[in-house]
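Residue numbers (the working numbering): 36 to 832.
Encoded as structure tokens, the structure appears first; notes follow it.
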């Protein structure tokens, strides 16, 4: 059918319809009720090994006006995909919505898939964090132990499946007796056992349930004389079924009889992986078109649907080993009465063109909004030939915006997403002074920042690490996160992770995600109450050594930001900390002394965030992972990508192991001396070669000079508390200290608050380490009213 289109100029922010104020007020109330403060975390890389540090910078990108000053600290926890309980958690001070620091990975951490979960101290009505960010990371264990271990699957004719663990001394080859074993699969119960006199242990695998594990891998932890190793073995059950999943998204939301419609479609596996698919479109039994998706699993085709017809898609090419679903892949039912909208270019600049068609409707209300604010609402008369609309976007902010078509009762008939002012960009260019460097050579990098082609000041977080420590599937750049993924649900992944820069990908993405997570039915229902949030206090109480607490007790806090502070209990011995009192340098701990004249008092600290993190970890969703791909990737990393880093473990594994740490030695105050005789050395936190300082001995200081160590002075009865850490700065090694020990450092530069001058210029200098290969520079930041992301590479030979 040929349509003659009426042309309408649509100026945003003109109030041209009587119900505008009503919908505007409802949307404002709805947005307030649905408010979720927006938190972003930038890490130095995605793949870590035991004993490394996760360097991070965290920003509050969006906050409700009432909650801005209440975000006092950032809570970080590391959650393994199999157990889904925190294995490491720490708090970091947050000022003006900004936090930074590093999280030390234990030497004995289990290898596998993890989520780094970031939140703040503000909780919503559901008692979960109001601001939340998750980053997928991968951990590889590169320990060098004095024993070797192996896992072998044994299966008899009756179908019994056992896992045989064998442990032998690496040097002599003799069996290791009484090695401590822990075995689990997913969140199953943990089996604890020991090897026998032959260095063996046999475990029946029927006691585990693999259904809850992703990947379905049995993990065995072996510990002997302080050394720890991990073995991973694929669950021996039936092979996981991977099915082809196809979904179809008519533009505007519906197929309407005799109205041409662009249909976006998506092809992925049952594990959520995007797959390339070619298929034939059928009307009834008649083939009418051949369609295909790209490597992002996205595609589009045009259809003029007929009333009463049924449409289905039959795949003809899809990945090998993937099954088709038994149910047919059908398109939505064709409506006789309905409305559609067509946007030829949804990634646009300062204006938007669209066409509106309808069957059974002569008038429609058009609303331009972002589900937080209504920019315009206007009544449109839709003639049989349709209506063409030009929307001027001068007053609309950059980002995702929606056009929704409503009937006279305010019910949505069609909706289309578009991205306004996509061409208004902040651009950062990264220029290393060379393309190829030697080991331990100085690198100088120049940065130039512009906003809408004009130099501009700004700030960012920037890091440089081995390129093989980044993984596309785990990439979350600031632009894509803030402009896309916070607004869209389950967006199909882009092959390099930074899909925001590919306008073609964005066009397909907005077509298949036209209906967003917000609900018009909820919006129009009303009764949207303002958000309820709170900040749980960290409290405690004093347990007397003798008798009962009958009057307030004074508690002394040592080691904090202010050196010495005091807290007074009530008459029953209870007290509450302010968050400022709990701030402590990152390498230190707080120590609480109680008393006045009462001896042997002890302190119990009630930290509600420990239980909150445990609850949060249990509900964080993890993607399904194919165990074959997971184990192959783990093997590849162990044998190739990180071979040089393994050499570091060989060099340092014989370092001192103190009682206060699984991998380095500190005293009760957290003080240590590195192998270069430097007290609390910035560059060697957590090194196995560290040792506790000795009172009266002279040590070198950070920044130069020497100091005589005065001792710690902490007694056995004092209470330790990690406190809220004040983030430390990254130590850039200039190799001025001569040493024959190789330095295999994966992250060679990190700056959590990198600033640009008024001309948009900035520079950074650092040194390469003893690892050759390709390195990647990554920067995420803010320039005026824009966000930006950039990356660059150089090589070390």
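Where is the CB? At the ideal position from N, CA and C, for every residue including glycine.
Closer than 6 Å by C-beta to residue i: which residues in its own chain qualify, once you throw out the five before and the five after it? Chain order, please.
i, result
"residue 126", "108, 110, 759"
"residue 683", "With a pLDDT of only 34 at residue 683, under the threshold of 50, the placement of this residue in the model should not be trusted, and no figure is reported."
"residue 282", "301"
"residue 71", "none"
"residue 27", "The question about residue 27 has no answer here: the residues shown for the chain are numbered 36 through 832."
"residue 196", "190, 240, 271"
"residue 87", "140"
"residue 819", "486, 491"
"residue 821", "461, 486"
Measuring alpha carbon to alpha carbon, tell me which of the options ends up nearest residue i.
i, options, result
"residue 428", "459, 445, 192, 164", "459"
"residue 541", "132, 622, 457, 810", "457"
"residue 128", "757, 815, 807", "757"
"residue 471", "366, 813, 809, 581", "809"
"residue 713", "478, 591, 408, 740", "740"
"residue 280", "286, 770, 300", "300"
"residue 804", "113, 831, 795", "831"
"residue 636", "649, 612, 588, 610", "588"
"residue 496", "146, 819, 813", "813"
"residue 735", "711, 97, 755", "711"
"residue 177", "330, 85, 257", "85"
"residue 521", "423, 57, 97", "97"
"residue 384", "818, 453, 516", "453"
"residue 468", "599, 478, 183", "478"
"residue 404", "130, 600, 59", "59"
"residue 797", "628, 493, 642, 544", "493"
"residue 208", "217, 124, 184", "184"
I'd like the list of long-range same chain contacts for residue i, defined as Cβ closer than 7 Å, with 5 residues on each side in sequence excluded.
i, result
"residue 559", "61, 445"
"residue 206", "none"
"residue 815", "77, 495, 496, 512, 513, 824"
Can you pull the DSSP bridge partners for residue i?
i, result
"residue 755", "626"
"residue 94", "75, 133"
"residue 189", "197"
"residue 219", "254"
"residue 457", "Looking at the DSSP assignment, residue 457 forms no beta bridge with any residue, so it has no partner."
"residue 296", "338"
"residue 499", "784, 812"
"residue 478", "801"
"residue 125", "111"
"residue 226", "218"
"residue 825", "814"
Check whether the Cβ atoms of residue i and residue j sit closer than 7 Å, and answer yes or no.
i, j, result
"residue 370", "residue 289", "yes"
"residue 584", "residue 561", "no"
"residue 390", "residue 421", "yes"
"residue 143", "residue 263", "yes"
"residue 266", "residue 237", "no"
"residue 828", "residue 811", "yes"
"residue 848", "residue 113", "In the structure as shown, the chain begins at 36 and stops at 832. Residue 848 is therefore absent and cannot be evaluated."
"residue 789", "residue 767", "no"
"residue 202", "residue 257", "yes"
"residue 344", "residue 318", "yes"
"residue 482", "residue 75", "no"
"residue 165", "residue 568", "yes"
Between which residues of its own chain and residue i is the CB-CB distance below 8 Å, once the five residues before and five after are set aside?
i, result
"residue 596", "615, 618, 619, 620, 761"
"residue 537", "529"
"residue 374", "287, 289, 291, 391, 392, 393, 394, 396, 399, 417, 440, 448, 449"
"residue 564", "68"
"residue 358", "276, 277, 278, 279"
"residue 3", "Residue 3 lies beyond the stretch modelled for the chain, which goes from 36 to 832, so this question has no answer here."
"residue 633", "Note on residue 633: pLDDT 47, under 50, position unreliable in the model; the coordinate value appears next. So the qualifying residues of the chain are 579, 580, 581, 588."
Would you call the segment 349-362 and the segment 300-316 touching, i.e. three or more CB-CB distances under 8 Å? yes
Does the segment 77-84 come into contact with the segment 778-798, if we say contact requires no fewer than three beta-carbon pairs (one atom in each stretch) closer than 8 Å? yes
Give a yes or no on contact between the segment 263-273 and the segment 176-188, applying the rule of three or more CB pairs nearer than 8 Å. yes
Under 8 Å, with one C-beta from each stretch per pair, do the segment 330-349 and the segment 284-304 reach the 3-pair mark? yes
Evaluate the contact criterion for the segment 375-386 versus the segment 320-332: three or more CB pairs, one atom per stretch, below 8 Å. no
The segment 403-422 touching the segment 483-501, judged by at least three CB pairs closer than 8 Å: no
Would you check if the segment 493-511 and the segment 164-174 touch, i.e. whether three or more CB-CB distances between them fall below 8 Å? yes
Spell out a yes or no on whether the segment 138-154 and the segment 86-100 are touching, meaning 3 or more CB-CB pairs, one atom from each, closer than 8 Å. yes
Count the C-beta pairs between the segment 592-606 and the segment 569-584 that are closer than 8 Å, then say yes if the count reaches three, no if not. yes
Three CB pairs or more closer than 8 Å across the segment 223-237 and the segment 157-167: no
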